[in-house]
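Residue numbers (our numbering), protein chains in the order written: chain A, 5 to 157; chain B, 5 to 157; chain C, 5 to 157. No residue lacks a Cβ here, since even glycine has one placed at the ideal position from N, Cα and C. Following: one structure in structure tokens, then a few remarks.
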Amino acid sequence: MKASENLAKLGIELPAVATPVGSYVPAIRTGNLVITSGQLPLKNGELTFQGKVGGTGATIEQAAGAAEVSVINAIAAAAAVAGGIDRIVRVVRLGVFVNSAAGFFDQAKVANGASDLLVKVFGDAGKHARAAVGVAELPLNAAVELELTVEIS
Amino acid sequence: MKASENLAKLGIELPAVATPVGSYVPAIRTGNLVITSGQLPLKNGELTFQGKVGGTGATIEQAAGAAEVSVINAIAAAAAVAGGIDRIVRVVRLGVFVNSAAGFFDQAKVANGASDLLVKVFGDAGKHARAAVGVAELPLNAAVELELTVEIS
Amino acid sequence: MKASENLAKLGIELPAVATPVGSYVPAIRTGNLVITSGQLPLKNGELTFQGKVGGTGATIEQAAGAAEVSVINAIAAAAAVAGGIDRIVRVVRLGVFVNSAAGFFDQAKVANGASDLLVKVFGDAGKHARAAVGVAELPLNAAVELELTVEIS
């Protein structure tokens with residue numbers, strides 16, 4: 005089954021990728037790799053979750069949801085450069101930065117929100133190398149930021 | 005216009021790249037990619053900015069200046085491995101770590117100090133994928149650390 | 005001398021790589037690169053060091069030891085995908101995240117625990133680009149997390 009068909013089955017519509025206005029771009033191609041910029045959990049221009057994860061902040065479930073929104077944005081950015089999502093033949097690497105409250109050690113569970121969606125969309129080709137860490141602060145006070153590397157045909 | 009000509013026009017001289025003494029090197033080539041090590045805002049052997057960005061620490065403008073110094077060091081490291089700056093045909097990725105005070109959310113504006121210089125030097129080929137995050141601490145208490153990936157001919 | 009011979013001489017046995025159960029995998033190949041997931045200082049299923057490095061936490065020496073354990077896990081993960089450690093022809097990049105106490109600025113010395121081992125195992129081909137930063141929290145409260153990129157034949 006194609007990734008585009010899986011997306012449709014999941015009821016996910018890739019958002020439009022904003023036209024870049026700065027010195028960096030949503031994603032770039034080098035050889036047959038596409039690397040995205042850091043993606044935030046933005047939906048219709050608003051952050052779905054801000055602030056720390058853990059402690060008095062977002063729960064693991066909320067943050068995993070934010071990671072899912074972020075990775076949908078990452079897929080959209082990669083697909084736009086690749087010439088369509090079905091040109092993506094393999095997910096290579098996912099880097100996940102979790103805005104972590106002191107004593108929050110479940111960055112892996114947060115990252116699963118993104119990782120699991122990649123496998124739902126790309127099947128076995130969605131399995132990837134992943135690094136998930138807890139950071140002090142993120143741009144716009146986002147709960148999560150992630151970057152994606154994929155291989156294209 | 006060549007990158008070397010843009011550099012000259014901007015009045016920027018690439019610093020000498022220190023001979024590596026440890027187990028890691030300033031930059032490495034794999035295929036037609038060159039990946040630099042994390043670069044600090046060192047100028048003539050001294051950090052231009054130390055400590056946190058935001059709060060009572062460095063301002064956005066100062067930190068963006070530190071990012072600019074860091075990316076000049078990164079260009080120098082990449083150019084040394086590439087066989088000269090004009091062998092760099094495209095900037096691929098910039099990873100920016102900002103030593104962030106609590107409540108500082110403008111990592112993107114700090115990173116612009118580096119991103120904007122890349123476009124001044126490499127033109128459209130200087131546009132890149134970028135991830136900017138706020139970290140708890142950095143080596144030598146630097147305000148900024150960044151790593152650069154470029155494609156060479 | 006082969007990397008496998010150096011490993012034996014150092015008395016290091018690569019641990020078995022756990023069968024992946026989630027949506028991500030210990031390492032992945034793209035072209036002639038192998039990229040590992042973030043590796044923790046796990047030995048026989050237990051973390052050798054937890055908590056912050058610096059301050060009242062782990063010393064630099066302890067944390068460098070944890071980085072060494074982590075990079076052995078990373079080598080094992082990369083070797084499993086590469087078809088054996090001797091298929092690794094060059095170490096490309098090491099990313100090191102140190103769980104840093106406030107005011108701890110020696111992330112580079114911690115990372116040396118991993119970098120030095122890479123050179124002991126791979127010789128000159130073990131020299132690599134490296135980014136080491138201090139993060140707020142890590143999965144399972146690990147002291148160190150690192151990710152490795154290598155080139156294979």
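Residue i - containing alpha helix (DSSP H), residue span
i, result
"B/Val85", "64-86"
"B/Val29", "B/Val29 -> no alpha helix (DSSP H), and no H or E assigned at all."
"A/Ala22", "Counting along the chain, A/Ala22 falls outside any alpha helix (DSSP H), and DSSP gives it neither H nor E."
"C/Glu9", "7-14"
Contact check, residue i vs residue j, beta carbons under 8 Å
i, j, result
"B/Val93", "B/Glu155", "yes"
"B/Val100", "B/Gln111", "yes"
"B/Leu44", "B/Ala140", "no"
"B/Val57", "B/Ser41", "no"
"C/Ala118", "C/Ala71", "yes"
"C/Val102", "C/Ala81", "no"
"C/Arg97", "C/Ala133", "yes"
"A/Leu18", "A/Ala83", "yes"
"B/Val114", "B/Val148", "yes"
For residue j and residue i, the rounded distance between their alpha carbons
i, j, result
"B/Leu152", "C/Asp120", "23 Å"
"A/Asn116", "A/Ala68", "7 Å"
"C/Gly55", "A/Thr34", "38 Å"
"B/Lys13", "B/Leu142", "32 Å"
"B/Asp90", "B/Ala7", "6 Å"
"C/Val75", "B/Thr23", "25 Å"
"B/Ile32", "C/Phe126", "15 Å"
"A/Gly130", "C/Ile16", "33 Å"
"B/Thr60", "A/Phe53", "27 Å"
"C/Val38", "C/Phe109", "30 Å"
"C/Val123", "C/Lys47", "21 Å"
"B/Glu9", "A/Glu9", "49 Å"
"C/Gly138", "B/Gly138", "10 Å"
"B/Leu11", "B/Glu50", "22 Å"
"B/Leu150", "B/Asp128", "21 Å"
"B/Asn36", "A/Met5", "34 Å"
"C/Ile79", "B/Ile79", "29 Å"
Classification of residue i by the beta-carbon crowding that lies within 10 angstroms, buried from 16 upward
i, result
"A/Ser104", "buried"
"C/Glu65", "exposed"
"B/Ser157", "exposed"
"B/Asn77", "buried"
"C/Ala106", "exposed"
"C/Gly187", "Outside the displayed span of chain C (5 to 157) sits residue 187 of chain C, for which this structure offers no information."
"A/Gly26", "exposed"
Start-to-end residues for the beta strand (DSSP E) that takes in residue i
i, result
"A/Asn103", "92-103"
"C/Ala133", "133-139"
"C/Leu122", "Note, C/Leu122: premise wrong, no beta strand (DSSP E); alpha helix (DSSP H) at 111-126."
"B/Leu152", "148-156"
"A/Leu37", "37-40"
Residue i Cβ short of 7 Å to the ligand FMN heavy atom set
i, result
"C/Leu11", "The ligand FMN is not part of this structure, which contains no ligands at all."
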